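Below is one structure, written out as structure tokens, with a few remarks after it.
In my numbering, the protein residues as written are 1 to 138.
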């Protein structure tokens, strides 16, 4: 842990974090059953970790598995704690830090992309205009 003890004017020293917090994307493979998402999210809320983004989707129907993708913020020490605590939850099969994995593969930054699904009703000229605007985001 990169922490330095700082005097606070009291009898106790407080560890001061020297590492900067950064966003990390965690991929958590879990059993697709009721209550699993609540247990994973409960871990975050119970320990005061913030969730920047959350996505859940079934990945393998026959094996009844789902993938929870979580973007969270913290120091490397905090992120290691989060990963170890997630791995101890029974229905969790695997936890992968995609941000660290991209660095291991030699990428400077992980590839991230936002996606929005928009449904637009239009006819004639308004439909053509909507399609023209949508082309700018391809």
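Glycine included, each C-beta is placed from N, C-alpha and C at the ideal position. These numbers come from a predicted model, not from an experiment.
Tell me whether residue i is buried or exposed, calling it buried when 16 or more other Cβ atoms sit within 10 Å of its Cβ.
i, result
"residue 26", "buried"
"residue 123", "exposed"
"residue 133", "exposed"
"residue 77", "exposed"
"residue 84", "exposed"
"residue 126", "exposed"
"residue 79", "buried"
"residue 97", "buried"
"residue 118", "exposed"
"residue 36", "buried"
Smallest Cα separation from residue i: which of the options?
i, options, result
"residue 148", "64, 100, 121 and 126", "This structure cannot speak to residue 148, because the chain is shown only from 1 to 138."
"residue 56", "128, 29 and 23", "29"
"residue 74", "52, 89, 34 and 38", "52"
With H, G and I counted as helix, E and B as strand and the rest as coil, what does DSSP make of residue i?
i, result
"residue 70", "strand"
"residue 52", "strand"
"residue 88", "coil"
Leaving out five residues before and five after residue i in sequence, what residues of the same chain have Cβ atoms less than 8 Å from its Cβ?
i, result
"residue 86", "26, 28, 40, 43, 92 and 95"
Spatial neighbours of residue i within its chain, please: C-beta separation below 6 Å, excluding the five flanking residues on both sides.
i, result
"residue 69", "27 and 55"
"residue 138", "none"
Among residues of its own chain, excluding the 5 on either side of residue i, which ones have a beta-carbon nearer than 7 Å to its beta-carbon?
i, result
"residue 130", "120 and 122"
Is any heavy atom in the ligand GDP found nearer than 7 Å to the beta carbon of residue i?
i, result
"residue 66", "The ligand GDP is absent from the structure shown, which contains no ligand whatsoever."
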